[in-house]
Amino acid sequence: MRTPHPLHWSVVGAVSVGGALGAVARYAATLGFPDVPASFPWTIFVVNVVGCFLLALLPSLVYVRRHPLLPPLLGTGVLGGFTTLSTYSEQSRALVAAGRTALAATYVLGTLAAALVAVLVADRFSTSSARTEFDEEEGDL
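So the sequence shown is numbered by this note's numbering: it starts at 266 and just counts up by one.
Spelled out as structure tokens, the structure:
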């Protein structure tokens with residue numbers, strides 16, 4: 266199956282729709298599970314770790330690999346909109362500003378470590394050939 270060029274309107278549309286859905290899901294998570302100021306930001310921590318796991322899981326899903334618009338829709342779009350570096354950074358800055366430097370460092374390093382573990386776990390569900398096929402079909406989005 267031929268993959269559309271990365272700037273094809275269908276790919277741009279898929280990323281846009283997916284990004285909106287992912288951002289709404291993240292916003293809903295922050296409303297449903299609000300964090301206490303100056304405490305560990307569990308909601309965004311979980312959002313980012315789950316997002317990393319799901320993104321790393323995509324190559325293992327044959328259905329996703331067989332449909333050229335699903336990787337940009339789900340990966341770049343939904344999971345790109347769901348995860349957030351900006352909120353993670355702002356929450357870290359706010360913890361430092363509140364005098365919670367050790368907690369900020371725990372949050373920064375803990376998120377990185379947990380995200381890497383999530384990627385390693387998800388990677389176990391796919392084969393090397395599946396990851397190669399996924400990379401070739403998705404292109405450099």
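Even glycine gets a Cβ: it sits at the ideal position worked out from N, Cα and C.
Q: Can you check the stretch 288-363 for any alpha helix (DSSP H) of at least 4 residues that lies completely inside it and give the ranges in chain order?
A: 307-322, 327-331, 350-362
Q) Are Val329 and Leu320 closer than 7 Å when you measure CB to CB? A) The count along the sequence shown starts at 1 and reaches residue 329 at position 64. The count along the sequence shown starts at 1 and reaches residue 320 at position 55. Result no, Cβ atoms of Val329 and Leu320 do not sit closer than 7 Å.
Q. Cβ of Thr376 within 7 Å of Cβ of Asn313?
A. Locating residue 376 in the sequence shown gives position 111, where the first residue counts as 1. Locating residue 313 in the sequence shown gives position 48, where the first residue counts as 1. In this structure, Asn313 lies closer than 7 Å to Thr376 by Cβ.
(Q) If I measure Cβ to Cβ from Leu339 and keep anything under 7 Å in the same chain, skipping five residues before and after, which residues do I get? (A) Here residue 339 is taken as the residue at index 74 of the sequence shown, counted from 1. Hits under 7 Å: Gly283, Leu323, Val329.
Q. So, is Asp405 buried or exposed, given that buried needs 16 or more other C-beta atoms within 10 angstroms?
A. Here residue 405 corresponds to residue number 140 of the sequence shown, with the count starting at 1. Legend: pLDDT at Asp405 = 38, less than 50; position of this residue unreliable, no value from coordinates given.
Q | As assigned by DSSP and simplified to three states, the class of Thr366 | A | Here residue 366 corresponds to residue number 101 of the sequence shown, with the count starting at 1. Here Thr366 sits in helix by DSSP.
Q: Please go through the same chain and pick out, in chain order, the residues whose beta-carbon is closer than 6 Å to the beta-carbon of Asp388, but skip the five residues on each side of it.
A: For the purposes of this step, residue 388 is taken as the residue at position 123 of the sequence shown. Around Asp388: Ala321.
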